[in-house]
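Undergrad: One structure, pasted below without further comment.
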């Protein structure tokens, strides 16, 4: 990106729903370069400004969490194709802070959802390869905003369910869906209680063939567990809910979509939709402030000092408190010497 | 606390192992008042200084995690009494950021471990009532250091297993123990994968009477699951390990203690103990720096501005990014106007 003219052109492309412009825009917000950052902020502001059709658009943002092996890609492909067949435009984004570690997702995302990726009504964005959490949150949030501005009706935000990524997704989506596989009575499906409490819908996938009875039992177990959770003000009666689906046969997918729409409709009518988005905006504002305050630690001089003091702490020459006091004092002096 | 003389007196009391002095010292580090803070830092520095017997002391710090209902208090009482009977001095601390919400733990801790709390070889500190996470971590860390300085042989650091408290405990302890109840095949015992990976020892409690077969099955399940985890460099062969215990009958408690000692001994001999403590000190140093940078947000003027901008973000008058930029700019100007 070179300047304002390009930003205007890119904004027009995104607002017109052009997928190549959208892909370039997401690459821009994902960039770590300072000049790219300024362009990214200008682009986002432009897309929100009255005038362009992108300003008032609001997609249904669906967060989708599930550990590897539950059939997430197959589910997204089948579910996405069902929506595009119904005339809806679908964007798929991945929030995956561990992708750099687990490897392969950059090449993998598109091939694992082959039919959906060729669908002109769909847009699939592979996980970014960088892995810093604050950065992941910001990039994901801005990518969602770009998809929304590009007129997508549904934005699926996918996470692999490690570390803090669920919390990021929960603060980005309107509806949070947890995908599970039929369990063989083992405790290790990796469902954290906190994720259960975030879930609006629990879908037990692979409810077909020999696994169907196990899927039904797992669904009943989770329906029971959901019944033990406190009813939330943002839910109509009967929600959160556990359902069986099969991404392979397609059974249950339409029902799951109906439930998502029911929930979204109810929340819109009862003010919870607006309240949730307002709360999310507040959350991201405060998070940006925190990240901004901590960003001084990323500067080379600060990092060098942090490493020096850290070594002294590690080998017992300084206490953590004394070293921290010295570090903070040094940062304050640097800050004060800057032109105001 | 009034001045240096009192700090010296308190340090002498703590170093002599006086439990009332220790209780007062912990109250001091838990205080939010600035003058108390200065005294607390002076106290900690004094206890670490060469001269007092407290300087070189190192307790075995055992982290204990378990969701409500697994019988944690009964376990701590039985385990603690076994250790004091063997001539060891035992301190019990709770890390519980949710205690203010769940209530009752301030009165509850002592009554739920009645016999241990009357034991002159034991010291039980109820959870602090404040619930700010950064504060919880610092207070807990300093309370552990005080117990160590007071010559306790074992410090049990207990957590209820919500939110980030396990991470805090893992960064405080030498050995991490996960307490479980016998499971009835349900997935909801609330064991997060991350906690499994932190555990050095998994103890299935209530392995007595009618629950014994279920406890054995649960132990076998977790032993199998632990076998799937990658062997860590800091573990001798056979660890991490799952065992059955009964806090009621006492069965298995001596074996669990033997395992903890084996593990601690092996780590000491192979340098992992020192490396772990060094890594923890480094972690706390960086955490103090982060908390220090974020502490400007706690000032009344900053809070007021944060609330004003936050409201503008919530009702859509400002974007999160623009509001954050304004907030950071304001904080920078205040900082620059301060005398360096």
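Residue numbers (the UniProt record's numbering), protein chains in the order written: chain S, 1 to 340; chain W, 1 to 340. Even glycine gets a Cβ: it sits at the ideal position worked out from N, Cα and C. None of the values given here were measured: they were computed from a predicted structure.
1. What number of angstroms, rounded off, separates the C-alpha of residue 294 of chain S from the C-alpha of residue 289 of chain W?
2. Are the CB atoms of residue 149 of chain W and residue 47 of chain W within a distance shorter than 7 Å?
3. In this structure, does DSSP put residue 92 of chain S in helix, strand or coil?
4. I'd like to confirm the pairing. Which residues does DSSP put opposite residue 65 of chain S in its beta bridges?
5. Since residue 314 of chain S meets chain W, which of its residues come closer than 7 Å, beta carbon to beta carbon?
6. Using a Cβ-Cβ cut-off of 6 Å (strictly less than) and excluding sequence neighbours within five positions of residue 86 of chain S, which residues of its own chain qualify?
7. Which residues of chain W have a Cβ atom closer than 7 Å to the Cβ of residue 264 of chain S, listed in chain order?
8. Would a C-beta distance cut-off of 7 Å place residue 244 of chain S and residue 260 of chain S closer than the cut-off?
9. Kindly list, in the order they appear in chain S, the residues whose Cβ is closer than 7 Å to that of residue 42 of chain W.
10. When you compare each of S:143, S:90 and S:26 to residue 152 of chain S by their alpha carbons, which one comes out closest?
11. Alpha carbon to alpha carbon, how far is residue 318 of chain S from residue 304 of chain S? Give it in angstroms, no decimals.
12. Does the CB of residue 213 of chain W have a neighbour CB from chain S at under 7 Å?
13. With 7 Å set as the bound, which would you pick, yes or no: does the beta-carbon of residue 289 of chain W sit closer than that to a beta-carbon of chain S?
14. Indicate the three-state DSSP secondary structure (helix, strand or coil) for residue 204 of chain S in the structure shown.
15. According to DSSP, which residues form a beta bridge with residue 243 of chain S?
16. Is the Cβ-Cβ distance between residue 118 of chain S and residue 29 of chain S less than 7 Å?
17. Between the segment 166 to 174 of chain W and the segment 213 to 228 of chain W, do at least 3 Cβ pairs fall closer than 8 Å?
18. Evaluate residue 329 of chain W with the Cβ neighbour count: other Cβ atoms within 10 Å of its Cβ, from every protein chain shown; 16 or more gives buried, anything less gives exposed.
19. What are the residues in the segment 35 to 69 of chain W lying within 8 Å of chain S by C-beta distance?
20. I need the boundaries of the beta strand (DSSP E) containing residue 125 of chain S, first residue and last residue.
21. At a Cβ threshold of 7 Å, is residue 327 of chain S touching chain W?
22. In or out: residue 240 of chain S buried (at least 16 other Cβ within 10 Å) or exposed?
23. On the criterion of 16 or more Cβ atoms from any shown chain inside 10 Å, does residue 187 of chain W qualify as buried, or is it exposed?
24. Give a yes or no on whether the C-beta atoms belonging to residue 59 of chain W and residue 155 of chain W are separated by under 7 Å.
25. To the nearest angstrom, how far is the alpha carbon of residue 127 of chain W from that of residue 158 of chain W?
26. Suppose the cutoff is 7 Å on Cβ atoms and the five residues either side in sequence are ignored; what does the same chain contact list for residue 255 of chain S look like?
27. List the residues of chain S that residue 294 of chain W touches, going by C-beta distances under 7 Å, in chain order.
28. Roughly how many angstroms lie between the CA atoms of residue 263 of chain W and residue 174 of chain W, to the nearest whole one?
29. Apart from the five residues on each side of it in sequence, which residues of its chain come closer than 7 Å, Cβ to Cβ, to residue 206 of chain W?
30. DSSP has residue 60 of chain S in a bridge; who is on the other side?
31. Within the same chain, show all residues whose beta-carbon is closer than 6 Å to that of residue 74 of chain S, passing over the 5 residues directly before and after it, in chain order.
32. Output the distance between the C-alpha atoms of residue 250 of chain S and residue 229 of chain W, rounded to the nearest integer angstrom.
33. Tell me, to the nearest whole angstrom, how far the beta carbon of residue 141 of chain W is from that of residue 92 of chain W; I am working on the premise that it is less than 8 Å.
34. Quick one, which of S:285, S:326, S:327 and S:331 has its alpha-carbon nearest residue 320 of chain W's?
35. Would you give the residue range spanned by the alpha helix (DSSP H) that residue 287 of chain W belongs to?
36. Please list the terminal residues of the continuous alpha helix (DSSP H) segment that includes residue 308 of chain S.
TA: Per the coordinate set shown:
1. Looking up residue 294 of chain S in the first chain gives position 294. Looking up residue 289 of chain W in the second chain gives position 289. When rounded, the distance between both Cα atoms is 9 Å.
2. Here residue 47 of chain W corresponds to residue number 47 of the second chain, with the count starting at 1. Here residue 149 of chain W corresponds to residue number 149 of the second chain, with the count starting at 1. Yes, these two residues count as a Cβ contact at 7 Å.
3. Here residue 92 of chain S corresponds to residue number 92 of the first chain, with the count starting at 1. Correct three-state label for residue 92 of chain S: strand.
4. Locating residue 65 of chain S in the first chain gives position 65, where the first residue counts as 1. Bridge partners of residue 65 of chain S: S:159 and S:178.
5. Here residue 314 of chain S corresponds to residue number 314 of the first chain, with the count starting at 1. The contacting residues are 278, 281 and 282.
6. Translated into the one-based positions of the first chain, residue 86 of chain S becomes position 86. Spatial neighbours of residue 86 of chain S in its own chain (CB-CB distance under 6 Å, excluding positions within 5 residues in sequence) are not present.
7. The residue you call residue 264 of chain S lines up with position 264 of the first chain. The contact set of residue 264 of chain S on chain W, defined by CB atoms closer than 7 Å, is empty, because the minimum CB distance reaches about 19 Å.
8. Here residue 244 of chain S refers to the residue found at position 244 when the first chain is read from its first residue. Here residue 260 of chain S refers to the residue found at position 260 when the first chain is read from its first residue. Cβ distance not < 7 Å, so residue 244 of chain S and residue 260 of chain S don't count as in contact.
9. Mapped onto the second chain, residue 42 of chain W falls at position 42. Below the 7 Å Cβ cutoff, chain S contributes no neighbours of residue 42 of chain W, its closest Cβ being approximately 11 Å away.
10. As a working mapping, residue 152 of chain S is identified with position 152 in the first chain. Nearest option by C-alpha distance: S:90.
11. Locating residue 304 of chain S in the first chain gives position 304, where the first residue counts as 1. Locating residue 318 of chain S in the first chain gives position 318, where the first residue counts as 1. A direct Cα-Cα distance of roughly 17 Å separates residue 304 of chain S from residue 318 of chain S.
12. By one-based count along the second chain, residue 213 of chain W stands at place 213. So no, residue 213 of chain W is outside the interface.
13. On the second chain, position 289 is the one that residue 289 of chain W refers to. Yes, its Cβ sits closer than 7 Å to a Cβ of chain S.
14. Residue numbering aside, residue 204 of chain S sits at position 204 when the first chain is read from its first letter. In the structure shown, residue 204 of chain S sits in a strand (DSSP, three-state: E or B).
15. Numbered from 1 along the first chain, position 243 holds the residue referred to as residue 243 of chain S. Looking at the DSSP assignment, residue 243 of chain S forms a beta bridge with S:203.
16. Taking the first chain and counting its residues from 1, the one referred to as residue 118 of chain S is at position 118. Taking the first chain and counting its residues from 1, the one referred to as residue 29 of chain S is at position 29. Contact flag unset, no.
17. no
18. The sequence position of residue 329 of chain W within the second chain is 329, counting from 1. That one is exposed.
19. Using a CB distance below 8 Å, the part of the segment 35 to 69 of chain W facing chain S consists of 41, 44, 45 and 48, ordered along the chain.
20. Within the first chain, the letter at position 125 stands for residue 125 of chain S. Start and end: 122 to 125.
21. To locate residue 327 of chain S, count along the first chain from 1; it is residue 327. Closer than 7 Å to some Cβ of chain W, the Cβ of residue 327 of chain S qualifies, so yes.
22. Reading the first chain from its first residue, position 240 is the one you call residue 240 of chain S. By the neighbour-count rule (16 or more Cβ atoms within 10 Å), residue 240 of chain S is buried.
23. Your numbering for residue 187 of chain W matches position 187 in the second chain. Unreliable positioning characterises residue 187 of chain W in this predicted model, as indicated by a pLDDT of 41, which lies under 50. The coordinate reading is nonetheless provided below. It is buried - the Cβ of residue 187 of chain W has at least 16 other Cβ atoms within 10 Å.
24. Translated into the one-based positions of the second chain, residue 59 of chain W becomes position 59. Translated into the one-based positions of the second chain, residue 155 of chain W becomes position 155. For the pair residue 59 of chain W and residue 155 of chain W, the CB atoms are nearer than the 7 Å cut-off.
25. Position 127 of the second chain, counted from the start, is the residue given in the question as residue 127 of chain W. Position 158 of the second chain, counted from the start, is the residue given in the question as residue 158 of chain W. Taking the straight line joining both Cα atoms gives about 9 Å.
26. For the purposes of this step, residue 255 of chain S is identified with residue 255 of the first chain, where counting begins at 1. Correct list, in chain order: 243.
27. Here residue 294 of chain W refers to the residue found at position 294 of the second chain. Correct list: 290 and 293.
28. As a position in the second chain, residue 263 of chain W is number 263, starting the count at 1. As a position in the second chain, residue 174 of chain W is number 174, starting the count at 1. Taking the straight line from one Cα to the other gives about 10 Å.
29. Within the second chain, the letter at position 206 stands for residue 206 of chain W. For residue 206 of chain W, where only same-chain residues beyond five positions count, the Cβ hits under 7 Å are 71, 181, 182, 215 and 246.
30. Translated into positions along the first chain, residue 60 of chain S becomes position 60. Paired residue(s): S:154.
31. As a first step, residue 74 of chain S must be located in the first chain, where it is residue number 74. Contacts found: 247.
32. The residue you call residue 250 of chain S lines up with position 250 of the first chain. The residue you call residue 229 of chain W lines up with position 229 of the second chain. Between residue 250 of chain S and residue 229 of chain W, the C-alpha separation is close to 35 Å.
33. Here residue 141 of chain W refers to the residue found at position 141 when the second chain is read from its first residue. Here residue 92 of chain W refers to the residue found at position 92 when the second chain is read from its first residue. About 16 Å separates the two Cβ atoms, so there is no contact after all.
34. One-based indexing of the second chain puts residue 320 of chain W at position 320. Measuring from the Cα of residue 320 of chain W, the nearest candidate turns out to be S:285.
35. As a position in the second chain, residue 287 of chain W is number 287, starting the count at 1. Note, residue 287 of chain W: alpha helix (DSSP H), 272 to 294.
36. Residue mapping note: residue 308 of chain S aligns to position 308 of the first chain, counting from 1. In the DSSP assignment, residue 308 of chain S falls within the unbroken alpha helix (DSSP H) covering 300 to 314.
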